[in-house]
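Have a look at the structure below, then the notes.
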Ligand SMILES: Nc1ncnc2c1ncn2[C@@H]1O[C@H](COP(=O)(O)OP(=O)(O)O)[C@@H](O)[C@H]1O
Ligand SMILES: [Mg+2]
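Chains as they are written, first to last, in the numbering used here: chain A, 237 to 522; chain B, 121 to 522.
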């Protein structure tokens with residue numbers, strides 16, 4: 237006996253719809269996507285190339301200076317130097333630069349779109365209601381699922397890697413900006429208004445300065461999330477530390493796998509330590 | 121002409137204030153309206169005129185609508201019905217209908233505010249906090265700097281300019297709030313329970329400072345308080361609010377001697393009379409004193425019929441006798457040294473002499489104090505009986521009420 241009604245047995249062609257949509261995009265806007273993809277690829281490769289022209293030791297020194305300037309801690313600075321020298325020694329310098337470039341661009345795009353969107357959502361309840369499920373979707377949907385359409389639209393290379401990374405990382409700055417702006421105490425808003433602040437002044441002089449620590453936390457999260465995407469980005473052809481990992485997997489090369497993996501971990505730790513907000517300095521500038 | 125005048129102001133929060141307005145007109149009360157429509161009537165039919173240079177205190181329990189009303193003055197709350205007129209450069213501006221740029225001008229030039237929780241920006245230094253209003257209205261940096269230094273000196277915080285608010289005590293933080301409000305040179309000052317978050321000692325200290333500052337500044341101040349002592353100490357005009365309505369409005373003396381209902385009477389009963397009353401509200405008026413049969417124009421001022429004031433034809437105090445002997449008489453001054461005051465001296469007080477001083481003098485000299493007006497006319501007397509009945513909260517009016 238079959239108790240399932242017929243209309244339930246009729247499969248909804250969900251997959252077909254998505255395919256139809258993506259096919260439509262590729263068919264009609266193939267040219268546009270390619271131009272976009274190629275020019276972005278050119279910019280990213282250009283960045284990597286100019287970084288690669290600088291002798292590694294100079295870059296390491298610059299990074300150490302930055303670390304010391306931000307934190308004033310010798311132990312940290314020496315640790316950063318040691319870690320970067322280890323990567324150089326292992327022979328993954330070039331891939332590290334590629335990964336760093338990818339992370340920088342992904343973060344840039346995420347922040348550029350994510351922070352304004354977070355602010356807009358904080359000011360409009362309906363907008364937050366609307367984007368909230370989308371953000372949930374972006375963070376939970378398995379990455380491999382949207383690798384295929386990005387690959388079709390943007391071809392193989394850095395750009396599909398960048399797009400996938402952005403999809404995965406952008407919810408962090410949006411959410412944390414939203415959180416920061418909505419948690420400004422009502423009394424501070426009142427004070428701003430009482431002294432004649434316009435909407436724009438309220439944003440720049442009250443809301444953003446108050447939300448700044450939270451927004452910075454969103455930025456840090458965004459960077460770390462981008463970094464966690466390197467291996468997946470490598471699957472769609474993005475250069476960087478992910479590539480040797482994928483290659484090691486394909487050729488069952490334990491040595492290479494562990495070395496590249498170690499390099500990724502080092503980059504993550506170094507970035508985390510440098511970006512971490514110095515304690516007790518919650519409000520910088522303003 | 122008043123500087124700020126509230127005319128039948130209603131403030132209603134909720135999904136559909138107009139419905140609530142209709143229900144109010146039908147005579148429904150606030151709880152019914154809230155139960156039926158979820159609209160909250162925070163203020164109903166408030167009418168107050170605040171004159172230039174006056175301190176008007178809105179007083180009432182928490183939730184009685186004081187903040188809702190004061191926040192209408194600078195447009196932080198919308199006025200649901202009624203008018204709120206502010207005299208501004210020969211014109212009247214109605215806050216209920218004015219446009220944004222008018223409101224903006226009022227906020228930057230005319231009205232400033234001090235908040236209960238200080239509302240200082242934690243990421244700004246004291247100096248930059250004080251500069252907020254100037255910065256928002258586009259005052260150039262060096263001018264700003266100069267004004268800020270000046271206002272910080274006024275509240276005696278010039279040495280703290282580069283600190284952050286969290287490094288300051290509560291009292292100091294509120295002085296920063298005050299300096300910020302003074303920086304724009306607005307002449308209407310809104311103060312929403314500015315001292316309520318402070319320790320009692322600091323609170324009194326700041327009240328005194330405000331009184332001192334007001335002597336020079338002569339701002340028009342609207343002040344919210346839930347403490348009658350504070351209201352009586354600061355206010356020229358006190359409006360008492362209960363459940364969104366103003367139940368009594370009048371001078372401090374009026375409130376203390378004439379509470380209109382149980383709610384006001386309870387406030388009056390719990391105040392500390394030593395801190396707030398003056399001889400005017402304490403004394404037994406001259407009309408109720410008995411004449412001495414033996415002489416014309418003389419009043420008996422003690423219960424044992426021994427101390428007698430002799431008046432001239434205009435009612436001015438000429439001399440005081442005790443058991444038939446003339447006694448020496450001096451008038452009260454603030455720097456009067458009570459230690460050197462001989463027992464049995466008569467000290468004359470005036471209407472403004474604080475109750476604390478009257479009690480102390482009475483204790484030292486052991487005689488009642490005649491109270492005289494500016495031209496020397498006897499207007500009343502303060503003796504043991506008046507002092508005790510005031511401390512016990514038993515003025516004539518209240519006795520009939522309780
Ligand atoms: N923005 C608001 N939205 C809804 N209800 C409010 C709002 N502000 C005040 N109320 C309500 O209005 C009533 C009066 O509040 P308020 O004016 O703050 O009283 P007070 O300052 O005398 O303590 C309270 O019941 C309060 O909950
Ligand atoms: Mg209040």
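Even for Gly, the Cβ is constructed at its ideal location relative to N, Cα and C. Since the model is a prediction, treat every value here as computed from it, not as a measurement.
Separation of residue j from residue i, as counted between CA atoms
{"i": "residue 496 of chain A", "j": "residue 335 of chain A", "result": "12 angstroms"}
{"i": "residue 186 of chain B", "j": "residue 299 of chain B", "result": "23 angstroms"}
{"i": "residue 448 of chain A", "j": "residue 416 of chain A", "result": "7 angstroms"}
{"i": "residue 457 of chain B", "j": "residue 352 of chain B", "result": "27 angstroms"}
{"i": "residue 219 of chain B", "j": "residue 319 of chain B", "result": "40 angstroms"}
{"i": "residue 444 of chain A", "j": "residue 392 of chain B", "result": "46 angstroms"}
{"i": "residue 357 of chain A", "j": "residue 217 of chain B", "result": "30 angstroms"}
{"i": "residue 409 of chain B", "j": "residue 505 of chain B", "result": "13 angstroms"}
{"i": "residue 522 of chain A", "j": "residue 283 of chain B", "result": "Note on residue 522 of chain A: pLDDT 37, under 50, position unreliable in the model; the coordinate value appears next. The alpha-carbon atoms of residue 522 of chain A and residue 283 of chain B are separated by roughly 14 angstroms."}
{"i": "residue 257 of chain B", "j": "residue 167 of chain B", "result": "32 angstroms"}
{"i": "residue 440 of chain A", "j": "residue 480 of chain B", "result": "57 angstroms"}
{"i": "residue 280 of chain B", "j": "residue 287 of chain B", "result": "9 angstroms"}
{"i": "residue 123 of chain B", "j": "residue 304 of chain A", "result": "59 angstroms"}
{"i": "residue 423 of chain A", "j": "residue 296 of chain B", "result": "15 angstroms"}
{"i": "residue 467 of chain A", "j": "residue 477 of chain A", "result": "7 angstroms"}
{"i": "residue 176 of chain B", "j": "residue 308 of chain B", "result": "11 angstroms"}
{"i": "residue 125 of chain B", "j": "residue 375 of chain B", "result": "21 angstroms"}
{"i": "residue 341 of chain B", "j": "residue 310 of chain B", "result": "6 angstroms"}
{"i": "residue 450 of chain B", "j": "residue 491 of chain B", "result": "12 angstroms"}
{"i": "residue 507 of chain B", "j": "residue 459 of chain B", "result": "21 angstroms"}
{"i": "residue 224 of chain B", "j": "residue 299 of chain A", "result": "48 angstroms"}
{"i": "residue 207 of chain B", "j": "residue 222 of chain B", "result": "12 angstroms"}
{"i": "residue 424 of chain B", "j": "residue 486 of chain B", "result": "13 angstroms"}
Contact set for residue i: own chain, Cβ-Cβ below 7 angstroms, skip 5 residues either direction
{"i": "residue 154 of chain B", "result": "160"}
{"i": "residue 188 of chain B", "result": "131, 162, 163 and 197"}
{"i": "residue 461 of chain A", "result": "404, 405 and 408"}
{"i": "residue 363 of chain B", "result": "150 and 184"}
{"i": "residue 140 of chain B", "result": "132, 134, 153, 157, 159 and 161"}
{"i": "residue 438 of chain B", "result": "430, 431 and 432"}
{"i": "residue 418 of chain A", "result": "358"}
{"i": "residue 373 of chain B", "result": "400 and 401"}
Beta carbon proximity, residue i to chain A, threshold 8 angstroms
{"i": "residue 227 of chain B", "result": "yes"}
{"i": "residue 253 of chain B", "result": "yes"}
{"i": "residue 65 of chain B", "result": "It is not possible to answer for residue 65 of chain B, since the shown part of chain B is limited to 121 through 522."}
{"i": "residue 293 of chain B", "result": "no"}
{"i": "residue 243 of chain B", "result": "yes"}
{"i": "residue 522 of chain B", "result": "The predicted position of residue 522 of chain B is uncertain, since its pLDDT is 27 and thus under 50; a value taken from the coordinates is nonetheless stated next. So, not an interface residue."}
Selection from the options that minimises the alpha carbon distance to residue i
{"i": "residue 277 of chain A", "options": "A/342, A/483, A/434 and A/499", "result": "A/342"}
{"i": "residue 269 of chain A", "options": "A/463, A/473 and A/392", "result": "A/392"}
{"i": "residue 149 of chain B", "options": "B/230, B/365, B/233 and B/169", "result": "B/365"}
{"i": "residue 106 of chain B", "options": "B/244, B/264 and B/302", "result": "The question about residue 106 of chain B has no answer here: the residues shown for chain B are numbered 121 through 522."}
{"i": "residue 290 of chain B", "options": "B/268, B/303, B/350 and B/326", "result": "B/326"}
{"i": "residue 195 of chain B", "options": "B/170, B/227 and B/172", "result": "B/227"}
{"i": "residue 281 of chain A", "options": "A/338, A/459, A/485 and A/505", "result": "A/338"}
{"i": "residue 471 of chain B", "options": "B/454, B/493 and B/487", "result": "B/493"}
Per-residue contacts from residue i into chain A (C-beta, under 7 angstroms)
{"i": "residue 257 of chain B", "result": "432"}
{"i": "residue 239 of chain B", "result": "423, 424, 426 and 427"}
{"i": "residue 224 of chain B", "result": "432"}
Where residue i meets chain A, residues with beta-carbon distance less than 8 angstroms
{"i": "residue 232 of chain B", "result": "430 and 431"}
Contact list for residue i against chain B, beta-carbon separation under 8 angstroms
{"i": "residue 437 of chain A", "result": "256"}
Close-in-space but distant-in-sequence residues of the same chain around residue i (CB under 8 angstroms, 5 per side omitted)
{"i": "residue 518 of chain B", "result": "Summary for residue 518 of chain B: the model assigns pLDDT 38, below 50, so the residue's position carries little reliability; its value from the coordinates is reported in the next sentence. Excluding positions up to five away in sequence, the list reads 379, 385, 388 and 389."}
{"i": "residue 367 of chain B", "result": "360, 361, 380, 381, 383 and 384"}
{"i": "residue 331 of chain B", "result": "353 and 354"}
{"i": "residue 310 of chain A", "result": "304"}
{"i": "residue 371 of chain A", "result": "407, 410 and 411"}
Cβ neighbours of residue i in the same chain (closer than 6 angstroms, five flanking residues each side left out)
{"i": "residue 191 of chain B", "result": "197"}
{"i": "residue 353 of chain A", "result": "410"}
Interface flag, residue i vs chain B, CB-CB below 8 angstroms
{"i": "residue 442 of chain A", "result": "yes"}
{"i": "residue 445 of chain A", "result": "yes"}
Within chain A, the residues that residue i reaches when beta carbons sit closer than 9 angstroms
{"i": "residue 235 of chain B", "result": "423, 426, 427 and 430"}
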